[in-house]
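Student:
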Amino acid sequence: MEKDYWIKRFEYLEKMQMVNESKYMEELTRQYVVALEKIKKEIQQWFIRFSVNNQISLQEAKKWLDSSELNELKWDINEYIKYGKENGIDLIWRKELENASAKVHISRLNELMIQIKEQVEKLYTLQEEDTSKFIIDSYKDTYYTTAYELQKGYNVGFNINVLDDILIKKLISKPWATDNMTFSDRIWKNKKELIHILENDLTQSILKGEAPDQVIEKISKTFKTSRSKAGRLVMTESAFFSSAARKDCFNDLWVQKYEIVATLDSHTSDICRELDGKVFDMKDYEPGVTAPPFHVWCRSTTAPWFEDEFEFGERAARNTNGKTYYIPGNIIYDDWYKRFVA
């Protein structure tokens, strides 16, 4: 079989993975837009209640809420706490809410920050949950489609173990980068940073006597930056664990060598250009070093590399515990999955 066959097939798989990432990025963007719209509404209503001539001084912002306003806020806080318990919101935030609920005095500015932080907490809780699911699905999809392409390419079919979501979740919960942080750690760090910047933005805007539209414009820019960070995080984590899934599948299916396949165009990085076409032993497979991703937004992938066209088929027949079957080269993925996975 021509070696170009594997390059083309695995380039195609990488493109499909990028399509899935783009779809998830659209959903992530939607979540940020929804959260920002709710925060804008909270800011506008707050200014309507407390500003004079569309402005409010820091002194006015730090005044205590009156008894009816405080009771209304505490009702909201109790709803936030209830929502947090039902949806797994960060325990630290829930504790902050419980402390706020017990206070006799809360300032107008603190009231607004509580409402803003609630939207941020909801956003990042949903982001962590959805990103975790996306990475697990990406790992499984990469593993199965890799096995499918190998078996279809050599017309040899045999059973593949069903991947366990719990085991994959444990895998993705382990740090892999030099900073020793997991993707959940990075999401939490980004959330903390966003809240800190929003607090500073809001306080500085009040000190400058800015109108609500100016405050909202500043906060919108901060949200855009945060959304970009979330996008980089998703793409980097997805690329790493997709590469890890391909490595695991190659090892499970007795592939001995692999080749780096870079997407070559005007955007290709120097490191990807340099490594394109390089062949490595599977024992040397290390994402970020001898396998993708080599950098943020990396579009390189790996393909199996065989000394001769019988290597995979003979190894499969010799090493599989179950039976091997002849399968047609035009078998579709769904039929293959039903027969050898499901």
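With the numbering used here as the guide, the letters of the sequence shown map in order to residues 105 to 446. We put the CB at the ideal spot given by N, CA and C, even for glycine. Predicted model, so just to flag it, every value in this text is computed and none were measured.
How many whole angstroms separate the CB atoms of residue 360 and residue 388, which I take to be in contact at a CB cut-off of 8 angstroms?
Tutor: The sequence position of residue 360 within the sequence shown is 256, counting from 1. The sequence position of residue 388 within the sequence shown is 284, counting from 1. Here residue 360 is actually not in contact with residue 388; their C-beta atoms are around 11 angstroms apart, not less than 8 angstroms.
Student: Between residue 444 and residue 141, what straight-line distance do the alpha-carbon atoms span, to the nearest angstrom?
Tutor: Residue 444 sits at position 340 when you count from the first residue of the sequence shown. Residue 141 sits at position 37 when you count from the first residue of the sequence shown. Near 47 angstroms, if we compare the C-alpha coordinates of residue 141 and residue 444.
Student: Since residue 345 is in the alpha helix (DSSP H), which residue starts that stretch and which ends it?
Tutor: As a working note, residue 345 is residue 241 in the sequence shown. Residue 345 -> alpha helix (DSSP H) spans 316 to 356.
Student: So the candidates are 439, 244, 166, 181; which of them puts its Cα closest to the Cα of residue 212?
Tutor: Against the sequence shown, residue 212 aligns to sequence position 108. Minimum Cα-Cα distance from residue 212 among the listed residues 439, 244, 166, 181 corresponds to 166.
Student: State the start and end residues of the unbroken alpha helix (DSSP H) segment that holds residue 224.
Tutor: Position 120 of the sequence shown, counted from the first residue, corresponds to residue 224. Where residue 224 is concerned, the enclosing alpha helix (DSSP H) stretches over 212 to 258.
Student: Rounded to whole angstroms, what's the CA-CA distance from residue 311 to residue 163? Just pull it up for me.
Tutor: Here residue 311 is taken as the residue at index 207 of the sequence shown, counted from 1. Here residue 163 is taken as the residue at index 59 of the sequence shown, counted from 1. Answer to the nearest angstrom: the Cα atoms are 9 angstroms apart.
Student: Quick check: what's the CA-CA separation for residue 279 versus residue 341?
Tutor: To locate residue 279, count along the sequence shown from 1; it is residue 175. To locate residue 341, count along the sequence shown from 1; it is residue 237. Approximately 11 angstroms between the Cα atoms of the pair.
Student: Identify whether residue 137 lies in helix, strand or coil by the three-state DSSP scheme.
Tutor: Position 33 of the sequence shown, counting from 1, holds the residue named residue 137. Correct three-state label for residue 137: helix.
Student: Would you call the stretch 128 to 147 and the stretch 323 to 342 in contact, with 3 or more CB pairs under 8 angstroms?
Tutor: These segments touch.
Student: Could you tell me whether the Cβ atoms of residue 272 and residue 237 are closer together than 8 angstroms?
Tutor: As a working mapping, residue 272 is identified with position 168 in the sequence shown. As a working mapping, residue 237 is identified with position 133 in the sequence shown. No, Cβ-Cβ distance for residue 272 and residue 237 is not below 8 angstroms.
Student: Just the Cα atoms here: how many angstroms apart are residue 180 and residue 209?
Tutor: Position 76 of the sequence shown, counted from the start, is the residue given in the question as residue 180. Position 105 of the sequence shown, counted from the start, is the residue given in the question as residue 209. The straight-line gap from Cα to Cα measures roughly 15 angstroms.
Student: Which of the three DSSP states, helix, strand or coil, is assigned to residue 364?
Tutor: Within the sequence shown, residue 364 is the residue found at index 260, counting from 1. Here residue 364 carries a strand assignment [DSSP, helix/strand/coil].
Student: Please say whether residue 339 and residue 125 have beta carbons closer to each other than 8 angstroms?
Tutor: By 1-based counting over the sequence shown, the position of residue 125 is 21. By 1-based counting over the sequence shown, the position of residue 339 is 235. Contact flag set, yes.
Student: Using only CA atoms, which one of 160, 254, 366 lies nearest to residue 395?
Tutor: Here residue 395 refers to the residue found at position 291 when the sequence shown is read from its first residue. Of the residues 160, 254, 366, the one whose Cα lies closest to the Cα of residue 395 is 366.
Student: Tell me residue 208's beta-bridge partners as DSSP assigns them.
Tutor: The residue you call residue 208 lines up with position 104 of the sequence shown. Partner(s): none; residue 208 has no beta bridge.
Student: Using the rule of at least 16 other Cβ atoms within 10 Å of the residue's Cβ for burial, across every protein chain shown, is residue 408 buried or exposed?
Tutor: Residue mapping note: residue 408 aligns to position 304 of the sequence shown, counting from 1. Counting of Cβ neighbours within 10 angstroms places residue 408 among the buried residues, the total reaching 16 or more.
Student: Measure the C-alpha to C-alpha separation of residue 362 and residue 406 and round it to an integer number of angstroms.
Tutor: For the purposes of this step, residue 362 is identified with residue 258 of the sequence shown, where counting begins at 1. For the purposes of this step, residue 406 is identified with residue 302 of the sequence shown, where counting begins at 1. Across the structure, residue 362 and residue 406 are spaced so that their CA atoms are roughly 6 angstroms apart.
Student: My guess is that residue 246 and residue 346 are in contact by the Cβ rule of under 8 angstroms, so how many angstroms apart are they, rounded?
Tutor: If you number the sequence shown from 1, residue 246 lands on position 142. If you number the sequence shown from 1, residue 346 lands on position 242. Right, the Cβ-Cβ distance comes to about 4 angstroms (below 8 angstroms), so this counts as a contact.
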